[in-house]
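A short write-up of the structure that comes next.
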Amino acid sequence: MEAQPGLWLTLGLVAFLYASVGHAGASGYIAALSLFGTDPETIRPTALLLNVVVAALGSWQFIQAGHLRWRRFWPLVLLSIPGAFLGGSLALPKRVFQSLVGVILLGSALRFLQRPQDPEQVQPPGPATLVSVGGALGFLAGLTGTGGGVFLSPLMLLAGWSRTRETAAVAVVFILVNSLAGLAGLISTGRSVPAEAWPLIPVVVLLGGCGAALGSRVLPVPIIRRCLALVLSLAGVRLLLGD
Numbered sequence: 018m019e020a021q022p023g024l025w026l027t028l029g030l031v032a033f034l035y036a037s038v039g040h041a042g043a044s045g046y047i048a049a050l051s052l053f054g055t056d057p058e059t060i061r062p063t064a065l066l067l068n069v070v071v072a073a074l075g076s077w078q079f080i081q082a083g084h085l086r087w088r089r090f091w092p093l094v095l096l097s098i099p100g101a102f103l104g105g106s107l108a109l110p111k112r113v114f115q116s117l118v119g120v121i122l123l124g125s126a127l128r129f130l131q132r133p134q135d136p137e138q139v140q141p142p143g144p145a146t147l148v149s150v151g152g153a154l155g156f157l158a159g160l161t162g163t164g165g166g167v168f169l170s171p172l173m174l175l176a177g178w179s180r181t182r183e184t185a186a187v188a189v190v191f192i193l194v195n196s197l198a199g200l201a202g203l204i205s206t207g208r209s210v211p212a213e214a215w216p217l218i219p220v221v222v223l224l225g226g227c228g229a230a231l232g233s234r235v236l237p238v239p240i241i242r243r244c245l246a247l248v249l250s251l252a253g254v255r256l257l258l259g260d
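Letter by letter, the sequence shown follows residues 18 to 260 in the numbering used here.
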């Protein structure tokens, strides 16, 4: 992975956009690294490493801003962590799955463009539902090399479980723990984070931190939801096109 200013700039912009909506950018990093000709064997661990860094920054920003509702978070991670570890340790054929999820993400993006405002009322689900959802999404997160937020955010918002910034706060912490578990699962198979990945961290720290600060405190909800629509569209297209 040679020093490529274009790659650094692209990764920084991905980190900024994704962090502003409570995501960490794994699907965008995977697409960017693929576009710039990165060795396929290094893409997944590199994306997970960058995801951990940006998710940690985002978690700090959204928690400090007071948006995290712990009662909606803790049931999600009970099974998501072992699920992400298991998914990260597997190498399964997933082309059909990617195509299906890609279409779902594009449909979700369209809904957010049509409904840019928060709902007047929310109906949080019970703990049992959150535990089940967390386990399933954690497994998908580990399997796809992402933190799972790209699946969790549209589900919570379209189901009316929480408002936009609250969803972003839950999603980014969910992404953090699942990315750590997925990275651990990947390393448990004998793979490692490539040395070339570490120099990429400063740019995602700088721009990802700025994005998270704006999303947690400054940006109006309609802008956040439109940015989320863009994030979901990018993720959906990447899944449809494949790794």
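Where is the CB? At the ideal position from N, CA and C, for every residue including glycine.
The three-state reading of DSSP puts VAL210 in coil, since its state is none of H, G, I, E or B. LEU231 and ALA73 have their alpha carbons spaced roughly 16 Å apart. Comparing alpha-carbon positions, the option among LEU258, GLY143, ARG255 and SER250 lying closest to GLY124 turns out to be SER250. In this structure VAL167 is in contact with ALA252, their Cβ atoms being roughly 5 Å apart against a cut-off of 8 Å. When the five nearest sequence neighbours on each side are left out, the beta carbons in the same chain lying within less than 6 Å of the beta carbon of SER233 are those of GLN78, PHE79 and ALA82, in order along the chain. With a 10 Å radius around the Cβ and a threshold of 16 neighbouring Cβ atoms, ALA145 comes out exposed.
Looking from the CA of GLY45, the closest CA among LEU30, THR55, VAL190 and GLY39 belongs to LEU30.
Under the DSSP assignment, PHE53 falls outside any alpha helix (DSSP H); it carries neither an H nor an E label.
Nearest Cα to LEU130 within the set ASN195, LEU256, ILE240 and LEU147: ILE240. The three-state reading of DSSP puts SER179 in coil, since its state is none of H, G, I, E or B. In this structure, the CA atom of ASP135 is about 29 Å from the CA atom of LEU28. Secondary structure note for GLY29: its alpha helix (DSSP H) is the uninterrupted segment 22-36. Put simply, the backbone Cα of ALA201 is about 31 Å away from that of PRO141.
In this chain, the alpha helix (DSSP H) harbouring TRP87 covers 87-106. Boundaries of the alpha helix (DSSP H) harbouring ALA229: 218-234, taken from the DSSP string. For VAL139, there is no enclosing alpha helix (DSSP H), as DSSP gives it neither H nor E. Rounded to whole angstroms, the gap between the alpha carbons of ALA229 and ALA214 is 22 Å. Per DSSP, ARG132 is not a residue of any alpha helix (DSSP H), being assigned neither H nor E. Per DSSP, reduced to three states, the secondary structure at PRO171 is helical.
A residue is called buried when at least 16 other Cβ atoms come within 10 angstroms of its Cβ; VAL150 meets this threshold and is buried. Within the same chain, and ignoring the five residues on either side of ALA36 in sequence, the residues whose Cβ sits closer than 6 Å to its Cβ are VAL71, GLY75, GLY225, GLY228 and ALA229. The DSSP-derived three-state label of PRO62 is helix.
For PRO237, there is no enclosing alpha helix (DSSP H), as DSSP marks it with neither H nor E.
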